[in-house]
Each structure stands twice: as C-alpha cells, then as structure tokens.
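Undergrad: Before I ask anything, here is the structure I am working with.
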Amino acid sequence: MKIYDGKFIIAGLVAFIGLATFPIWSNIGKASPLPEPKLDTPAIQQMEQKQCVLTRDEMRTGHMRLLDEWRIEVVRNGGRIYTATDGKIYEMSLQNECMRCHSNKTRFCDACHSYVGLPNSTPYCWTCHIAPREKD
Amino acid sequence: MAKLPKPSELALDYTLPKKGWMDAAVDFRPGTWSHAARAKNLEAAGLPNARQWSPADSDWKLPSNWKQIIFEGMRERLEKFRSLRIFMDICVRCGACADKCHFYLGSGDPKNMPVLRSELLRSIYRGEFTLAGKIMGSIAGARELTENVIKEWFYYFFQCTECRRCSVFCPFGIDTAEITMIGRELLNLLGLNIDWIAGSVANCRHTGNHLGIQPHAFKNMIEFLADEIEAVSGVRVQPTFNRKGAEILFITPSGDAFADPGTYTMMGYLMLFHEMGLDYTFSTYASEGGNFGMFTSHEMMKRLNAKMYAEAGRLGVKWLLGGECGHMWRAVNQYMDTMNGPADFLEVPKSPVTGTIFDNAASTKMVHIVEFTADLIRNGKLKLDPARNDNLVMTYHDSCNTSRGMGFFEEPRYVIKSVCNKFHEMPPETIREQTFCCGSGSGLNNDEFIEMRMRGGLPRANAVRHVEERHGVNALSCICAIDRSALTTLMDYWVPDVTVYGVHELVGNALVMKGESERTSDLRGDPLPGMEASEDENI
Amino acid sequence: MNFIMSLVAVLALVLTAFLGIEAAGLRTFFSMAVPYVAFTLFIAGTVYRVLAWASSPVPFRIPTTAGQQKTFPWIKRNRFDNPANKKEVLGRMILEVLLFRSLFRNTKAEIEKGPKLYYQWEKWLWVGGLALHYSFLVILLRHLRFFTEPVPFFVQALGGMDSFLQVGLPGIYISDSVFMLAVIYLLVRRLIIPTVRYISLPGDYFPLILMLAIGVTGILTRYFTRVDLLKVKQLALGLAKFQSSAPEQVGTIFYIHLLLVCTLIAYFPFSKLMHAGGIFLSPTRNLPNDSRIRRHVNPWDYPVEVQTYAEYEERFREKMIEAGLPVAKEIAAGGPAVYPLTKK
C-alpha cells in the first residue's frame, strides 16, 4: 500500500499513538504501591475499640460527604452534636474531633488524597482550618 | 419547455416528507431536470452508452452490468481521490450546511440539502465499502444500489451547481461540489449526462468552443463587434487571430463572442487592448475559456483544457490572459497546471504596460483580465470617465468559482469602483465567500431546467432586490459568462428592473480612448447619462 | 425510530454490564478483557482508517478559498481563509481544529412571504460543539489521575481549576456540567429541528446517547453511589502496567461506566467519530491556494486524447483560408480530408 503525504500522516499517527498510550509508557518501571494511611497515632493506639464515626468502608467513600454535612450544620445551623448510628455522640468539629485521633495529616489524609490526584489545596479543608503540627 | 409559474405563484414548501430519505423514488416533474444527452453528442464527446433516452422514461437503457460499472467506478475513484474517501467518512450530519444551498432554499426539497445530496452517494458507499454497512445495512446508514438510486443521483447531481457554498460552512470542509463532480463522473460511466453539457463538450472537443462556432464565424463575430465599437466610439480596433509571435494569447468564454450581454463585455476587452496597444491574439482553436468537461469528468476537463497550453505553445506567445468567467477560473486556478502543465515554455506574465510581474501566476502563466485591468488602473494607465456609467446604480455578484475556488474579491471591486460612481454591496451573507449561485452554474443553464434555475437563483435575486429597494440599485455586474446570461433571465423573473453587466463592459463605457469621437451612447447603444436629450433632438 | 434504536442499544449495554457484574460476577472480564480489547480496537482501528485515507492521493489542489487571494501587494489578502503557503495553512488548520472556525460562520436562513430571505445570527451549534469537545478533553485529561502515579502536576492543577467553584464535597467539576449540557443540547437539537432530525441516522444518535450515559454514570460514581477511588485507581494502574490486579469489589455503577467508555472508544474508528482524524486530512482546508504560483503533480496523471491543432486545421482549413485566417498547411490536392466526428 502506497502512502501519500506519509511524512505528515505518519508523524500525526505516531503523535496520536504516543498520546493515547501515555498511561502505558509513563508507568513503565514505576512502583505505585497502594497508599497506607497510618492509624498509629497515640490517640488511636489508646482506644479500646478502634472505631471511627462510621464504618471503615463508609468512611472511605463517604468521609467528604460527612464533613460537608457537618460543616453546613455547624456553620449555618449552629449545631454541634452528631449522633452516630451506634448511638455514640460526637462533636462536629474537624479540628477537635477528627484530628484528635487523626493528628497525622500528612500520613493519613494526604496519603490517599495525593494518590488519587487531589492537589493540596483541594480538599479545601485547610484553607480555613489549621493543619495540626506534626512531630516526626 | 416546461411552463414556468409566475414568481408570485411559485410554491415554496419546506414541509418534510413523511417517508425517510432512503426511499429513492424521484418524481421527474418538468422544469426540474435537464434533457438527456443525445446519442450523437455522447458519441462525439467520446462518452459511453450513446443511445436515445429520456429521464421521464421508466427504462433508462443502462448497460446490463451497470451495477458492476458503478461499484468499480467508485472503487477506482476512492483510490484516486482522498477527498472522496474523507468526505464519505467524516460527515457528522450536524446540519450546518442544510440551509446554505440555494437549491434547498429555493425548492424546499430536503435532498437538496448538501448533507443529503452527499448521503445519496454515501449510503451506497457504506453498503459496498464499509464493514459496518455490509453487516448492519440501513442501521449503519447503508442502502442497496438500485436503478432508482441511479435515477435519484441523476436528478440531484444535476441539481447541484458545484458552487461550494456549503463547503465554506462545513466544519470539516466537506465539499459537495467534489461529490457532485465525482457523482457525475460515475453517471457518465453509464451514459447518463444532460444534453446541455454533453453537447457543449462535443462542440468544444471538435470546434474549440462550447457553442460550436467555426473559425470563420468566430472571426466574423469579433469583427462585427469591432464595427460596433467603431460606431460607438469612432475608434477602429484591430483584433488578430491565430497569430504566431504575439506576446499574449487571450482566451475568454465563447459566450462573450456570441451571446448578449456577454458581447458587450467582449467589446470592453477589445477597446481596452486597443487602447493599451497590447500585442495579443485570439485563437479560433482555443476559443473557449469555459470548460464543460469539468461538469462531466476530470478526464474531460483535462481534455478540453489542454488546448490552452497547446495553442500557447504553437503560437509561441509569452503568457496567457483569461477573460471574465467563473468555472473557467476554477479550472485554471486549481486544475490547469496540474493537468496540462508544466507551462515551462511560457514566461512569468509581465504587464507590457506597467511592467508589473504577476508572481501569483508564476507557474500557470495565466492572468485574469480583471487582475490585469486593476493593475493598469492602479498605475494610472487608463483614462477613465466613470460619469458615463452614472445612470447605473451598481452592485456586484461574486461568482461562486472565482470566490470559493480562487478568492477573487477585491480586484473586481477595485475595477468597478474605478469605473462606476454609484456602488452598493449586497448583504454580507450573500457576497464574497458566502456568495449565492446564479442558480444555473455547472452546465445547468438550459431552458428546460428553468423552474429549478429560478428557484435556485432566489437567494441571489432576493439580495439584489434588497439593494434595489434600499439603494435604488438598477445594475448587477459580474465576472462570469454564465452569470451574464443566467442572471439576466433571473432578474427578468424576480427583479425585472435590474440589468446585468460584465465588468469590462463598464470599463469599455468609461474608457476614454485616444482619438475617440464624443460618445453619446454606451456599448449597448443606449444613451449615456446627459445625452438622452440630444438623442431626442436627433429624432 | 433511529433515536429509539440508539437508545435501546445504549440501554442494552447498561444492562449487559449490570447483569454481567450483579448476576454473573464477571468482574475480571469487564475490568480487564473489555478495556484491553476496546483499547486495541481504538488504536488499531484508527491507524487503519487513517492509513486507508493516506493510501489515496490528493490529485488536485482544491482548497475552499474563503478570503482574498494573494495578488498585488496593494491588495490586502486573507492569510487564514486563503492561505498561500504551508505556514498559512497551519494557521488555518489551527483555527479549524481548535476553534471550529468554519462552523463559526454559521447562519440561519429564514424565509418569509414575498418570498423574502433573511439570514440570522446562529452560533449555538458552534457554542455547543465547542463546549462538548473541550469539556470532553478536560474530563479525559482529568481521568489521567487514575492512570498515573505520582499524578502529574498539570492533571492536579486541571482538577483544581475545574472544581474551583468549591460547591459541595467532592467538589463539582465545571467540565461535568458543561459536558452534560452540551450533550443534551446537541441531542435535543437533533430531535427537534425538523431538517436535522430528517437527516439523522442511528449512527448520529448513538454516540450522543452513549456520551450522555457515560456522563450520567460518571457523575453517579462521583457524587451519588460513590466508589472507592483507591480501588478504581488500583485497577486503572493495573491495566496500564499489564498487571492483573484482581479488582476487589467496586460498585456496579463503575463497571457500567467502564463498559460504556470502552464501547465509545471501540466504536470510534468505525464511525463518524473519525471526523476527529479526518479534519486534518480534509483537502479543502489543508492545502494552500497556490496552484497558480507553484506546480503540483497529480501522481496518477495520464495522457488523454485531445483534438490537436493539426486535426482542427484539417477540419476547417478551407473555411479558415477563405476567412483569411493563417493556416499551417495549404489544401492538399484531392480536396480536404474528412474529419471524423467520432473516433476512439
């Protein structure tokens, strides 16, 4: 088969294939282990029953929703009390409640957030809240 | 000839048919199709399947293996023209082209929407040449090739004037003109052409021009026009014919030699050449600028066009000058050099009057007369009295082919504004690259097609009427031989008070010639502005 | 009818993925086999189609000139709409490909009694088309965050800009909204404009409905049924690295989304979606209007039979001499030759 204007067309096709296969060649030789958010803060270690507000799976896919609801409740309605499904009472506060246990933002929050490509400014928790000071 | 309804009675119906477009049956209503090519013309043109037939017949006397001919013809053209392959594959049917076609606007027939005109061919292409079409049939937009499809092709490919307006608006540049050209090539493989085209092609092939004017008659006609010039201006112009050693070979459509109002344009050329003392010659052999071969097949276009360079070489001229014509200039600009070049025996055109070198024609060696004249005016070489055209309130029709196949917009306007004091543009959606066809291009300017011509010309006529009402425009100028004839008919029908002029007729009127007597009338013999009274006194 | 057919086809795809996961549990099939097949078809099919185009030459220069040609230095020419060289063609192509310049010219003709024609402003198709293509591009690039580790800066930044409105959590992407609006507009337009509806084939509705379904399932996975992104990314990276990363349970909605996307890319090369590649090769756009300036060669050019001057003179010699026209040869003894009107 004869190709006319091959110079341009082949170059175009090479560019197309290069772009389309970017995910393949850009990953060659790269290790990309699953992030492991650390649950080893002193506060968590002291807990008898290691249980968050919701179950582990619910927190994984739904923590942003929960935080969003909390924010709205606190900021707009002035509510502060959250009753979990197991009847436990929590204070709706990122800094006082969540970060009490999860005091390790970089090794907990950021671990997954950066894995799924969220830049540090998003989620935008930290535009208002002060990230906890971490030792280490 | 079919009866043409009055403008007020011409029904414009945009209701879409209940049945989908894939149903190929066509109603051959008189006035909407052109007569079939007669056997003798097909034979004389060297085209196959010469026979007596009519589109109104149910049996079109196709060759027994017609299907195979079409499929092989399609395959060959798909391999030869990337344009065809691309245009068959990439239409997304966005509909941007739908209301850009003058035939759709004037007829309301949905198959005149460029997208559907192309789908007529595309559906067959899908069925035969794509996997999806072969497997899924109509779901993939494919149709079976039947005789009805061939009839439909004939009807609609000879209802497209190859004006390319749709291709300006198409986001992918799909050019229906290209599809129509190839569609007509396929039809011609089966001996399906219209007589107006086949006859012109046959004439051109054997006598050198579409009208079949023989050498002596051609010379007589030009000399008759020279007499007319003498009567108007008192100056005797001396055209020469088939003269070896002339500097320039001048070629214009034969319509300019033979049919009003083109003849007045021819008088303008003659006067201009005489006044400039141009060393030029006509050729009776290459006496046709137009190229109806273009409306038949690429091969026929090449055959008819070949005479230009052949004659230039034989006469030993330095370069070619071309008259006012539309499709001639698409052929010259986009095809001639590739088809019949290289014209390396000619020189890069240089105006003997101004010394301007026409770099933009460095390879084809052919200059447009309007370019040539614009350069003369720009350099102050012409003495002009535009007041002689003061009875004309002028507008200008951009020809499809020079517009969208060349980009020839400013030169004619510059010339017109130099020779006419009163000039008004039509609305921007109807001029320049968006110009509307006269409705009679691509070999469809025949009498029996008259209703479709008037319908197709509606958008153009409508724009003329707009400036007539708004600015009192009474004159429509153009640089195309088919326009000069077709717009005249169109104006008579839609805007009766507007007269059609060639640009060089206007130049001829305004041109102050050395040794001329006082002019009292224009080239048509009508009194010049301010001379009406003196005419009366003479009576 | 064509619309219904396309709608049914897309619903069938949704159902296939749903049953395939929920009933048959074919997770590996839908998350590994289908994407690889689709991607292979996409690349191979596209290359094949482009090479098929490339195998046909461009015999003649047929640019559609939409602006003033190059003539005299004192006439201003239009470099973008009537390019005279390759550099200017590049400019024209950039405008066409990135800004849909030709579509921008669109007008709408209206006819009134008289008859009187009007041409109205009509840029919605251009707006809709541009919106669809650019939002699609942004969405596509954003998805790179699942295929790269670490995520490149531009993907992160794009995601940040796209959600800068900070509405809700996870933040709403502007591109998602634009994409949905554009697809719906183009679909509704196809259905309600009578002429466009008349010309529409199943192949016109199908990609639109498919994209609509992709948008809906994508939005569902993000905002409503929510999937575990870590698992999704693990799966995506596994695909990119050809590692079977036995996918754990991810919501069924994700598999539906994935199957629809795979259908779209597999369908791409065999459909009108190839306009994306075709525009680059369109001869009315990618050629300079320079065939009077420089010579171009038709690779399949062949000599044709023409009437030569000698034949012409042979036919008309007598009349030419009589009219005083110069001839090359005088009349031979025995009278003029007979000129055949039909010959091979």
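As given, the protein sequences belong to chains A, B and C, one line each in that order. For the first sequence, position 55 matches number 1108 in my numbering, and the numbering has no gaps at all. For the second sequence, position 350 matches number 352 in my numbering, and the numbering has no gaps at all. For the third sequence, position 149 matches number 955 in my numbering, and the numbering has no gaps at all. Cβ atoms here follow ideal geometry from the backbone N, Cα and C, with glycine treated the same way.
(1) Whole angstroms is fine: what's the gap from valine 843 of chain C's alpha carbon to alanine 1046 of chain C's?
(2) Anything in chain B within Cβ reach of glutamate 1128 of chain C, meaning under 7 Å, just list it in chain order.
(3) So the beta strand (DSSP E) tryptophan 927 of chain C belongs to, where does it begin and stop?
(4) Based on the DSSP secondary-structure assignment, which residues constitute the bridge partners of phenylalanine 284 of chain B?
(5) Which whole-angstrom value is the C-beta distance of leucine 227 of chain B and methionine 268 of chain B, which I expect to be below 8 Å?
(6) Name the chain C residues that come within less than 8 Å of methionine 115 of chain B, Cβ to Cβ?
(7) Verify the CB distance criterion: does asparagine 1080 of chain A have a CB-CB separation below 9 Å to chain C?
(8) Do you know offhand how far arginine 457 of chain B's Cα is from glutamate 918 of chain C's?
(9) Are serine 256 of chain B and asparagine 293 of chain B close, meaning C-beta to C-beta below 9 Å?
(10) Can you tell me where the beta strand (DSSP E) holding lysine 153 of chain B begins and where it ends?
(11) Mind checking if lysine 1055 of chain A is an interface residue toward chain C, Cβ cutoff 9 Å exclusive?
(12) Provide the residue(s) that pair with cysteine 480 of chain B in DSSP beta bridges, ordered along the chain.
(13) CB-CB under 7 Å to glutamate 230 of chain B, same chain, minus the five flanking residues each way: which ones, in chain order?
(14) Evaluate the contact criterion for the segment 185-197 of chain B versus the segment 65-83 of chain B: three or more CB pairs, one atom per stretch, below 8 Å.
(15) Excluding the five sequence neighbours on either side, which residues of its own chain have a C-beta within less than 8 Å of the C-beta of tyrosine 1073 of chain C, listed in chain order?
(16) Nearest to tryptophan 331 of chain B by CA position, among B/Lys367, B/Phe347, B/Phe73, B/Val319, is which residue?
(17) Taking only three categories from DSSP, how would you classify glutamate 1136 of chain C?
(18) Going along the chain, which residues of its own chain have a beta-carbon closer than 8 Å to the beta-carbon of phenylalanine 835 of chain C, five neighbours each way excluded?
(19) Of the choices B/Val28, B/Asn511, B/Met533, B/Lys153, whose alpha-carbon is the least far from that of serine 235 of chain B?
(20) Distance cutoff 9 Å, beta carbons only. Does alanine 844 of chain C sit that close to anything in chain A?
(21) By the 8 Å beta-carbon criterion, what residues does the segment 1105-1119 of chain A contribute toward chain C?
(22) From the DSSP secondary-structure annotation, give me the bridge partner or partners of isoleucine 1062 of chain C.
(23) Could you list which residues in chain A have their beta carbon closer than 8 Å to that of aspartate 1034 of chain C, in chain order?
(24) So the beta strand (DSSP E) glutamate 916 of chain C belongs to, where does it begin and stop?
(25) Taking Cβ to Cβ, would you say phenylalanine 252 of chain B is nearer than 9 Å to phenylalanine 220 of chain B?
(26) Taking CB distances under 9 Å as the criterion, tell me whether serine 1146 of chain A reaches chain C.
(27) Does threonine 1069 of chain A get closer than 9 Å to chain C when you measure Cβ to Cβ?
(28) Going by the beta-carbon positions, is the gap between valine 961 of chain C and serine 85 of chain B smaller than 9 Å?
(29) According to a CB-to-CB cut-off of less than 8 Å, which residues of the segment 1083-1103 of chain A neighbour chain C?
(30) From what residue to what residue does the alpha helix (DSSP H) around isoleucine 1085 of chain C run?
(31) Give me, in chain order, the residues of the same chain whose beta-carbon lies closer than 7 Å to that of lysine 1150 of chain C; leave out the 5 immediate sequence neighbours on both sides.
(32) On the three-state DSSP scale, how would you describe glutamate 1144 of chain A?
(33) Look up tyrosine 16 of chain B in the DSSP assignment and say whether it is helix, strand or coil.
(34) Fully enclosed by the segment 185-230 of chain B, which alpha helix (DSSP H) runs are 4 residues long or longer?
(35) Classify proline 869 of chain C: buried if its beta carbon has 16 or more other beta carbons within 10 angstroms, exposed otherwise.
(36) At a Cβ threshold of 9 Å, is isoleucine 810 of chain C touching chain B?
TA: According to the structure data:
(1) As the crow flies, the alpha-carbon of valine 843 of chain C is around 13 Å from that of alanine 1046 of chain C.
(2) Within 7 Å Cβ-Cβ: His218.
(3) Boundaries of the beta strand (DSSP E) around tryptophan 927 of chain C: 922-927.
(4) Partner(s): B/Phe243.
(5) That pair is a contact at about 6 Å.
(6) Residues of chain C whose Cβ lies closer than 8 Å to the Cβ of methionine 115 of chain B are, in chain order, Thr1001, Ile1005.
(7) Using beta-carbon distances, asparagine 1080 of chain A counts as an interface residue toward chain C, with a partner under 9 Å.
(8) Rounded to the nearest angstrom, the two C-alpha atoms are 15 Å apart.
(9) Asparagine 293 of chain B sits away from serine 256 of chain B, with the two beta carbons spaced by 9 Å or more.
(10) Taken as a continuous stretch (DSSP letters only), lysine 153 of chain B belongs to no beta strand (DSSP E), being part of the alpha helix (DSSP H) at 149-159.
(11) Yes, its Cβ sits closer than 9 Å to a Cβ of chain C.
(12) Beta-bridge annotation (DSSP): cysteine 480 of chain B is paired with B/His399, B/Gly504.
(13) Excluding sequence neighbours, glutamate 230 of chain B sits near Met269.
(14) Taking a contact to require three or more Cβ pairs closer than 8 Å, the segment 185-197 of chain B and the segment 65-83 of chain B qualify as touching.
(15) Within the same chain, tyrosine 1073 of chain C has close Cβ partners Phe1012, Pro1013, Leu1016, Leu1079.
(16) Between tryptophan 331 of chain B and the set B/Lys367, B/Phe347, B/Phe73, B/Val319, the nearest pair of CA atoms involves B/Lys367.
(17) Annotated three-state conformation of glutamate 1136 of chain C is coil, per DSSP.
(18) Taken in chain order, the residues that qualify are Gly826.
(19) Between serine 235 of chain B and the set B/Val28, B/Asn511, B/Met533, B/Lys153, the nearest pair of CA atoms involves B/Asn511.
(20) Closer than 9 Å: no.
(21) Residues Asp1110, Arg1113, Thr1114, Gly1115, Met1117, Arg1118.
(22) In the DSSP assignment, no residue is bridged to isoleucine 1062 of chain C.
(23) Ordered by position in chain A, the residues that pass the 8 Å Cβ test against aspartate 1034 of chain C are Asp1110, Arg1113, Thr1114.
(24) Under the DSSP assignment, glutamate 916 of chain C falls in the beta strand (DSSP E) whose first and last residues are 913-918.
(25) Taking C-beta atoms as the reference points, phenylalanine 252 of chain B and phenylalanine 220 of chain B fail to come closer than 9 Å.
(26) Not closer than 9 Å to any Cβ of chain C, the Cβ of serine 1146 of chain A fails to qualify, so no.
(27) Reading the sequence as shown, one finds phenylalanine at residue 1069 of chain A and not threonine. Yes, contact with chain C.
(28) Serine 85 of chain B is positioned such that its CB atom lies no closer than 9 Å to that of valine 961 of chain C.
(29) Those would be Lys1083, Ser1085, Leu1087, Pro1088, in chain order.
(30) Per DSSP, isoleucine 1085 of chain C belongs to the alpha helix (DSSP H) from 1081-1087.
(31) Note that lysine 1150 of chain C scores a pLDDT of 44, beneath 50, so its modelled location is shaky; the value from the coordinates is reported in the next line. The beta carbon of lysine 1150 of chain C lies closer than 7 Å to none in the same chain, with the five residues before and after it left out.
(32) If DSSP states are grouped into helix, strand and coil, glutamate 1144 of chain A belongs with the strands.
(33) Coil.
(34) Counting only runs of 4 or more, we get 197-209.
(35) Per the 10 Å Cβ criterion, buried.
(36) Judged by the 9 Å Cβ criterion, isoleucine 810 of chain C is not in contact with chain B.
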